[in-house]
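Here the sequence shown stands for residues 380 to 616, where the numbers follow the working numbering. Glycine residues also receive a C-beta, built at the ideal position from the N, C-alpha and C atoms.
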Amino acid sequence: TFIAEALTCYFMLTKIKDIKTDPVKVNECMYSISENYGDTSKYNRQLDYVVIDNDGKLIFKTRDGLSESINEAIKTRGLVLDLEVDGKPIGKVIFDYSMDEQLERVKKDIIVLFSVVGVLQIFIVVTWYIYIRKSVITPFKNLNSFAARVAEGNLDIPLTMDKGHVFGAFTESFDLMRSELKKARIAEKKASDDKKEMVAKLSHDIKTPVASIKSTSEVGMAITKEEKTKEMFGVIN
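1) Can you list the alpha helix (DSSP H) stretches of 4 or more residues lying completely in the segment 456 to 529, in chain order?
2) Quick one: Cα of SER446 to Cα of GLU463, how far?
3) Would you mind stating whether GLY470 and ASP432 have Cβ atoms separated by less than 9 Å?
4) Can you tell me the Cα-Cα spacing of SER596 and PRO588, whole angstroms?
5) Over the uninterrupted alpha helix (DSSP H) stretch that includes LYS440, give me the two end residues.
6) Among LEU555, ILE509, ILE501, which has the Cα closest to the Cα of ALA526?
7) Could you tell me the alpha carbon to alpha carbon distance between SER582 and ASP572, rounded to whole angstroms?
8) Would you call VAL505 buried or exposed, if buried means 16 or more other Cβ atoms sit within 10 Å of its Cβ?
9) Roughly how many whole angstroms lie between the Cα atoms of VAL515 and ASN523?
10) Give the secondary structure of ASP443 by DSSP, where H, G and I count as helix, E and B as strand, and everything else as coil.
11) Mind checking who ASP432 pairs with in its DSSP beta bridge?
12) Let me check understanding here. Comparing Cα to Cα, which of LYS568, GLU567, MET409 lies closest to GLN425?
13) For ASP418, which of helix, strand or coil comes out of DSSP?
14) To the nearest whole angstrom, what separates the beta carbons of LYS368 and SER411, a pair I think is in contact under 8 Å?
15) If we call anything under 9 Å between Cβ atoms a contact, is VAL429 one with ASP475?
16) According to DSSP, is SER591 helix, strand or coil?
17) Measure the alpha-carbon distance for GLY503 versus ASN521 and round it to whole angstroms.
18) Nearest to ARG528 by alpha carbon, out of VAL498, LYS513, LEU560, ASP461?
19) Between the Cα of GLY435 and those of VAL472, PHE519, ASN415, GLU605, spot the shortest distance and give me the residue it belongs to.
20) How many angstroms separate the CA atom of ASP401 from the CA atom of ASP427?
21) By how many angstroms is the C-alpha of TYR510 removed from the C-alpha of VAL495?
22) Near ALA452, what residues of its chain come up, given a Cβ to Cβ distance below 7 Å and the 5 sequence neighbours on each side ignored?
23) Looking at the unbroken alpha helix (DSSP H) that takes in MET450, where does it start and where does it end?
This is the structure we're talking about:
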């Protein structure tokens, strides 16, 4: 964009400098007027000009609407040159710059150029925004969503790997982290299940002898009570 703006400014300066009459054509016109003075049919008419005598009287003009006096020429920034025939000054030649028309053309060219530069700037900004969004913003949002899912304990949804943006390496590392966490969680669950199973087996294994001991104790206790009862009745008899 900076280069485009610099070129635009250069173009503007060039166009402004170009608002002038071609010196080669001016010389050709002056030569034809001087050499053919009095025979207007032989005048060079590549440029618009007016010929006046030393008293300001109009002698010739290429078309209507031109400045016919030095004062008017000064106002319109016309070029006034002395006309000499056989080395004697006989009048003035006023070349018309057509400043208004030339300035209007320059304005139009500048407007078109600035429009093109403006469209180019918009295109560059939009392209840059799309690139930033695709390579930075969207991947960062995906990483943020992924981190939120991991924090919630959802380790089943993988993070899509894409090395075409600035977070490409992080994407792969983050998904490897998710995989390792999932493996750790599975291992932890398996260890917990194995522990529960072991406790259940131990509990079952312990319950059987304890129940036998309890039953034996109860039987022994019943027998002891029965013997004591018999002894008591025997003493009484």
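If we stick to the structure as given:
1) Counting whole runs of 4 or more residues, the segment 456 to 529 contains the alpha helix (DSSP H) stretches 478 to 511.
2) C-alpha of SER446 to C-alpha of GLU463: approximately 20 Å in a straight line.
3) If you check the CB distance, GLY470 and ASP432 come in under 9 Å.
4) Roughly 12 Å between the two C-alpha positions.
5) No alpha helix (DSSP H) holds LYS440; the beta strand (DSSP E) holding it covers 437 to 440.
6) The closest CA to that of ALA526, considering only LEU555, ILE509, ILE501, is found on LEU555.
7) Computed Cα separation, rounded: 15 Å.
8) For VAL505, the number of other beta carbons within 10 angstroms of its own is below 16, and it is reported as exposed.
9) Spanning the two alpha carbons is a distance of roughly 12 Å.
10) ASP443 falls in the coil class under three-state DSSP.
11) Note: ASP432 sits in a beta bridge opposite GLY470.
12) Across the set LYS568, GLU567, MET409, the C-alpha of MET409 shows the shortest separation from the C-alpha of GLN425.
13) Of the three classes helix, strand and coil, the one that applies to ASP418 here is coil, per DSSP.
14) Because the chain in this structure spans residues 380 to 616, residue 368 falls outside the shown range and cannot be described.
15) If you check the CB distance, VAL429 and ASP475 come in under 9 Å.
16) In the three-state scheme derived from DSSP, where H, G and I count as helix and E and B as strand, SER591 is classed as helix.
17) The amino acid at residue 503 is misidentified as Gly; the sequence shows Ile. So the alpha carbons of these two residues sit roughly 26 Å apart.
18) Ranking the options by Cα distance to ARG528, first place goes to LEU560.
19) In this structure, VAL472 is the residue among VAL472, PHE519, ASN415, GLU605 with its C-alpha nearest to the C-alpha of GLY435.
20) About 12 Å.
21) Linking VAL495 to TYR510 through their CA atoms gives a straight-line distance of about 22 Å.
22) Cβ within range, chain order: SER446, VAL459, ILE473.
23) For the record, residue 450 in the displayed sequence is Asn; it is not Met. For ASN450, the enclosing alpha helix (DSSP H) has its first and last residue at 449 to 454.
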